[in-house]
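Q: One structure, as structure tokens, below. Some questions next.
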Amino acid sequence: MYIFQQALNGLQLGSIYALIALGYTMVYGILTMINFAHGDLFMVGAFFCFLLAVYLRLSFIPTLLLSILGVSCLGVIIERLAYKPLRNAPRVSAIITALGVGIFLENFTLALSPYSKAVPSLLDNTTWTLGSLSISSLQILIILLSLILMVILDFIVQRTKTGMAMRAISWDKTIVPLMGVPVNKIISLTFAVGAGLGGAAGMMYSQAYPVIDPYMGIMVGWKAFISAVIGGIGNIRGAMIGGFILGAVEIMTAAFFPSTYRDFVAFTLLLILLIVKPYGILGKPHPQKM
Amino acid sequence: MKKWTVLFIAITLFISSVFLISCSKTDPNTIKIGVIAELTGDIPAVGASCKNAAEMAAQEVNDAGGIQLGDKKYKVELIIEDNAGKADQSASSAQKLITQQKVTAIVGPNASRYALPAAEIAESGKVVLITPWSTAPKTTLDSRTGASKKYVFRSCFIDPFQGRVLAKFVLENLNLKKAAVLYDVASEYNKGIAEIFKEVYEQNGGMVVAFETYTTGDKDFSSQLTKIKKAEPDIIFLPNYYTEVPLQIQQAKRLGIAAPFIGSDSWGSEELIKLSGKDCNDYYFSTHYAADASTEATTKFIAGYKTKFGTTPDDVAALTYDSFGLLWQALKTAGKNDRQAVRDTLAKIPQYEGVTGNMQFKEGSGDPIKSAVILKIKDGKFTWFANANP
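Shown next, in the form of structure tokens:
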């Protein structure tokens, strides 16, 4: 029972990591750039949820949809204003800019109010008990919603024309525009989808861990980025797998070792994994992404 | 041409900044007191209370015409620095206050992890620093020799005392013999108090069945709490800050843990109630003062604070106010606005009646001799439950 409970905990944490990791991996796939502001977009998602739930008193579904929409728009704006002018500059410039955007978002939120906020629960949370196993409806909802979002994303990327265009651009940015693919539009769309998933993750996170602050995105963002690397950065299915692996490793280390070693053991294991598979689980040694 | 313009601007800026700094030269008729507070960062409520109480203490003195030293009355000027919830910025703020602003004494920072670096700077700069809220023993101890620092004081009790009080309270008053502890291993304060609680609790016949940790910034405690649940404790001790405690209690309840919780003075912020709603009701925590069972000085302070800021002062506010009270008394006894003289009189204040109770300092230690209180959270209000003497 104990192990099932811990597995469930791992799934919940992992699904959040996976959702955020998708944003990192999609942007990397299409622009070979690491969007370090992504963790902060996740934080903005949680704050959108707070604002919508407290001031507009919306229920769960509208809050979720509006948070996704809001963060998507923000993602596109950031891409247009901060990254597009640097598209042909060295990668390092773009990464520094991304860090800057992240710090801007943190401090902008901080300037509005430095206090931690309590996000109200938007759903009646019921806890079912099976012997010593406790399952909350929220836990199930988070895991299911993340899985649904991931299936939808996988469908878009693998089965639609837009998805094909995304994969084509990540393959070659010079030839593809000559074939009539609207590169700018597709890149914006990629940012919108990636940021939207981050927003969804932020919203769900703020329901599961309802005290939010402007710095919450940093650590979670790092961990999601690591998930993306474990899965093979640039690879969408890899990011999902990576997220669940990191969630499980973190929870299980704390479950069977003294919890002080949680991050130490978890990250040592991941280092070993990267030594064995330097391109991540599903990554390929060639620069062919997505 | 462009290069010269840039150079010109740079030089102008440099000169004007030098000019500005030299402008902030000491006015001989004011006493400058520095305040370092956590105005932004992870515990802004603490910083805000500290700043409010500091402004109130200074205003009271200035409204009365200032402090009488010798045959002259001095006004008080506060210089408030934000340490942004960072250890390095706490140290640099202290440095700036000492060397640039030439303050007579410093009050703050509050959390031990920020007070410690600032205290080191104050000690080497030979300027009195009173931290209102840092309960970690190390703050007032020399890092090399382990002896007491000469210039660092506090107006609160220390962790070993608090850990002991709580361990005894759980065993004797609540009569619960199996405890679990979940604490932040990366934070000085949480770690210190958790370890002392464990030691005293086990010495007195209790059993700590789970001793779990996490690191600052973690929001998911499910793994540790599941482990705690398996150990079946009678009570769970959470010596953690008010931003994390609500998450820990909520997640524990979601995992089906029914055991009650108990906390330390880091719970004592109105923010705890705002963030946790009803989840904290009926739990106990130890702290510095009770706003509802109070002396004349306390009632006056609370009323004044309420009219000025619209909220009940929390323990940080009360302790900051007391830090200033101690400072005024030291200044008056010393009779002059001098760093060394203030230190010498402060170090042996025989009796000070503060908002948070009576305090006494003895030469050779920066820690006051004072008592603690246990509060109970009832319907979202902190209510007095018991006193605990040293």
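Sequence order for the protein chains is A and B.
Under the working numbering, the first residue of the first sequence is numbered 1, with each subsequent residue one higher.
Under the working numbering, the first residue of the second sequence is numbered 291, with each subsequent residue one higher.
Using N, Cα and C, we set each Cβ at its ideal position, and we do this for glycine too.
Of all the residues that make up the region 245-263 of chain A, which are near chain B by a beta-carbon distance shorter than 7 angstroms?
A: Listed in sequence order: Ile251, Ala254, Ala255, Ser259, Thr260 and Asp263.
Q: Which same chain residues, not among the five before or five after leucine 665 of chain B, have their C-beta less than 8 angstroms away from its C-beta?
A: Counting from 1 along the second sequence, the entry for residue 665 of chain B is found at position 375. Contacts found: Gly558, Tyr574, Phe575, Ser576, Thr577, Ala580, Phe672, Thr673, Trp674 and Phe675.
Q: When you check each C-beta in the region 503-528 of chain B against every C-beta of chain A, which residues fall closer than 8 angstroms?
A: Residues Thr503, Tyr504, Thr505, Gly507, Asp508, Lys509, Asp510, Ser512, Ser513, Gln514, Thr516, Lys517, Lys519 and Lys520.
Q: Under 9 angstroms between beta-carbons, which chain A residues line up against glutamine 540 of chain B? List them in chain order, please.
A: Position 250 of the second sequence holds residue 540 of chain B. Per Cβ cutoff of 9 angstroms: Tyr209, Pro210 and Val211.
Q: Helix, strand or coil: how does DSSP classify glutamine 390 of chain B here?
A: For this step, residue 390 of chain B is matched to residue 100 along the second sequence. DSSP places glutamine 390 of chain B in coil when its eight states are reduced to three.
Q: Three-state secondary structure (DSSP) at leucine 270 of chain A?
A: What you label residue 270 of chain A is simply residue 270 of the first sequence in a count that begins at 1. In this structure, leucine 270 of chain A counts as helix in the three-state DSSP scheme.
Q: Is glutamate 250 of chain A closer than 8 angstroms to alanine 266 of chain A when the C-beta atoms are compared?
A: In the first sequence, the residue the question calls residue 266 of chain A occupies position 266. In the first sequence, the residue the question calls residue 250 of chain A occupies position 250. Yes. Within cutoff.
Q: By the DSSP assignment, the alpha helix (DSSP H) with arginine 444 of chain B in it spans what residues?
A: For this step, residue 444 of chain B is matched to residue 154 along the second sequence. Arginine 444 of chain B -> not in any alpha helix (DSSP H); beta strand (DSSP E) instead, spanning 442-444.
Q: Anyone know if the C-beta pair for serine 136 of chain A and threonine 127 of chain A falls short of 8 angstroms?
A: Here residue 136 of chain A corresponds to residue number 136 of the first sequence, with the count starting at 1. Here residue 127 of chain A corresponds to residue number 127 of the first sequence, with the count starting at 1. Yes; because the gap between Cβ atoms is below 8 angstroms, this pair is in contact.
Q: Is glutamate 561 of chain B close to chain A, meaning its C-beta is less than 8 angstroms from at least one C-beta of that chain?
A: Residue numbering aside, residue 561 of chain B sits at position 271 when the second sequence is read from its first letter. Judged by the 8 angstroms Cβ criterion, glutamate 561 of chain B is in contact with chain A.
Q: Taking the C-alpha atoms as reference points, what is the distance between threonine 635 of chain B and arginine 629 of chain B?
A: Counting from one through the second sequence, the residue named residue 635 of chain B turns up at place 345. Counting from one through the second sequence, the residue named residue 629 of chain B turns up at place 339. Their Cα atoms are separated by approximately 10 angstroms.
Q: Do valine 211 of chain A and phenylalanine 42 of chain A have their CB atoms nearer than 8 angstroms?
A: For the purposes of this step, residue 211 of chain A is taken as the residue at position 211 of the first sequence. For the purposes of this step, residue 42 of chain A is taken as the residue at position 42 of the first sequence. Against a cut-off of 8 angstroms, the Cβ pair of phenylalanine 42 of chain A and valine 211 of chain A comes out as no contact.
Q: Across which residues does DSSP place alanine 395 of chain B in a beta bridge pair?
A: As a working mapping, residue 395 of chain B is identified with position 105 in the second sequence. Bridge partners of alanine 395 of chain B: B:Ile323 and B:Val418.
Q: Can you name the residues of chain B whose CB is closer than 9 angstroms to the CB of methionine 43 of chain A?
A: Stepping through the first sequence from its first residue, residue 43 of chain A is reached at position 43. The premise fails here: methionine 43 of chain A is roughly 12 angstroms from chain B at the closest Cβ pair, so nothing lies under 9 angstroms.
Q: I'd like the list of long-range same chain contacts for valine 27 of chain A, defined as Cβ closer than 8 angstroms, with 5 residues on each side in sequence excluded.
A: Indexing the first sequence from 1 puts residue 27 of chain A at position 27. Met33, Ile34, Asn35, His38, Thr190, Phe191 and Gly194, listed in sequence order.
Q: Once you ignore the five residues that flank serine 132 of chain A on each side, which residues in its own chain have a CB closer than 8 angstroms to its CB?
A: The count along the first sequence starts at 1 and reaches residue 132 of chain A at position 132. So the list reads Met1, Tyr2 and Gln5, once near-sequence residues are dropped.
Q: For a cutoff of 8 angstroms on Cβ pairs, would you count threonine 268 of chain A as touching chain B?
A: Numbered from its first residue, the first sequence carries residue 268 of chain A at position 268. Not an interface residue.
Q: On a Cα-Cα basis, can you pick out the residue from A:Phe155, A:Leu31, A:Leu197 and A:Leu138 that is closest to leucine 66 of chain A?
A: Mapped onto the first sequence, residue 66 of chain A falls at position 66. Of the candidates A:Phe155, A:Leu31, A:Leu197 and A:Leu138, the one whose C-alpha sits nearest the C-alpha of leucine 66 of chain A is A:Leu197.
Q: Would you list the one or two residues that DSSP bridges to glycine 644 of chain B?
A: Along the second sequence, one-based indexing puts residue 644 of chain B at 354. Answer by DSSP bridge pairing, in chain order: B:Gly647.
Q: Any beta carbon from chain B within less than 8 angstroms of alanine 118 of chain A's own beta carbon?
A: Stepping through the first sequence from its first residue, residue 118 of chain A is reached at position 118. Answer yes: the Cβ-Cβ gap between alanine 118 of chain A and chain B drops below 8 angstroms somewhere.
Q: Under 8 angstroms between C-beta atoms, does leucine 13 of chain A make it to chain B?
A: Residue 13 of chain A sits at position 13 when you count from the first residue of the first sequence. True, the Cβ-Cβ gap to chain B drops below 8 angstroms.
Q: Give a yes or no on whether 8 angstroms exceeds the smallest Cβ distance from threonine 127 of chain A to chain B.
A: Counted from its first residue, the first sequence places residue 127 of chain A at position 127. Answer yes: the Cβ-Cβ gap between threonine 127 of chain A and chain B drops below 8 angstroms somewhere.
Q: What three-state label does DSSP hand serine 146 of chain A in the structure shown?
A: As a position in the first sequence, residue 146 of chain A is number 146, starting the count at 1. Serine 146 of chain A falls in the helix class under three-state DSSP.
Q: In the DSSP assignment, find the beta strand (DSSP E) that holds glutamate 653 of chain B and state where it starts and stops.
A: As a first step, residue 653 of chain B must be located in the second sequence, where it is residue number 363. Premise fails: glutamate 653 of chain B is in no beta strand (DSSP E) and is neither H nor E.
Q: How is the alpha helix (DSSP H) around aspartate 605 of chain B delimited, first residue to last?
A: To locate residue 605 of chain B, count along the second sequence from 1; it is residue 315. Segment 605-624, the alpha helix (DSSP H) holding aspartate 605 of chain B.
Q: In the structure shown, what three-state DSSP assignment does threonine 577 of chain B receive?
A: On the second sequence, position 287 is the one that residue 577 of chain B refers to. If DSSP states are grouped into helix, strand and coil, threonine 577 of chain B belongs with the strands.
Q: Closest Cβ-Cβ distance between leucine 110 of chain A and chain B: below 8 angstroms?
A: Position 110 of the first sequence, counted from the start, is the residue given in the question as residue 110 of chain A. Leucine 110 of chain A counts as touching chain B.
Q: Starting from tyrosine 115 of chain A, find everything on chain B with Cβ-Cβ shorter than 8 angstroms and list it in chain order.
A: In the first sequence, residue 115 of chain A corresponds to position 115, counting from 1. Per Cβ cutoff of 8 angstroms: Pro334, Ala335 and Glu561.
Q: At which residues does the alpha helix (DSSP H) containing leucine 246 of chain A begin and terminate?
A: Here residue 246 of chain A is taken as the residue at index 246 of the first sequence, counted from 1. Per DSSP, leucine 246 of chain A belongs to the alpha helix (DSSP H) from 236-256.
Q: With respect to the beta strand (DSSP E) encompassing lysine 362 of chain B, which residues constitute its N-terminal and C-terminal limits?
A: Your numbering for residue 362 of chain B matches position 72 in the second sequence. Looking at the DSSP string, the run of the beta strand (DSSP E) that includes lysine 362 of chain B is 362-372.
Q: Which value, in whole angstroms, describes the spacing of the CA atoms of alanine 620 of chain B and threonine 588 of chain B?
A: The sequence position of residue 620 of chain B within the second sequence is 330, counting from 1. The sequence position of residue 588 of chain B within the second sequence is 298, counting from 1. Their Cα atoms are separated by approximately 20 angstroms.
Q: When DSSP builds the beta bridges, which residues end up paired with phenylalanine 501 of chain B?
A: Along the second sequence, one-based indexing puts residue 501 of chain B at 211. B:Val471, per the DSSP bridge assignment.
Q: Cα separation between tyrosine 611 of chain B and proline 407 of chain B?
A: Along the second sequence, one-based indexing puts residue 611 of chain B at 321. Along the second sequence, one-based indexing puts residue 407 of chain B at 117. Taking the straight line from one Cα to the other gives about 22 angstroms.
Q: In angstroms with no decimal places, state the Cα-to-Cα distance between aspartate 154 of chain A and arginine 167 of chain A.
A: In the first sequence, counting from the first residue as 1, residue 154 of chain A sits at position 154. In the first sequence, counting from the first residue as 1, residue 167 of chain A sits at position 167. Going by the C-alpha atoms only, they are around 12 angstroms apart.
Q: Anything in chain A within Cβ reach of proline 550 of chain B, meaning under 8 angstroms, just list it in chain order.
A: Start at 1 with the first residue of the second sequence, and residue 550 of chain B comes out as number 260. The contacting residues do not exist; proline 550 of chain B stays about 18 angstroms from chain A at best.
Q: For lysine 488 of chain B and chain A, any beta-carbon pair shorter than 8 angstroms?
A: On the second sequence, residue 488 of chain B is found 198 positions in, with the first residue counted as 1. It does not: the Cβ of lysine 488 of chain B has no partner Cβ on chain A nearer than 8 angstroms.
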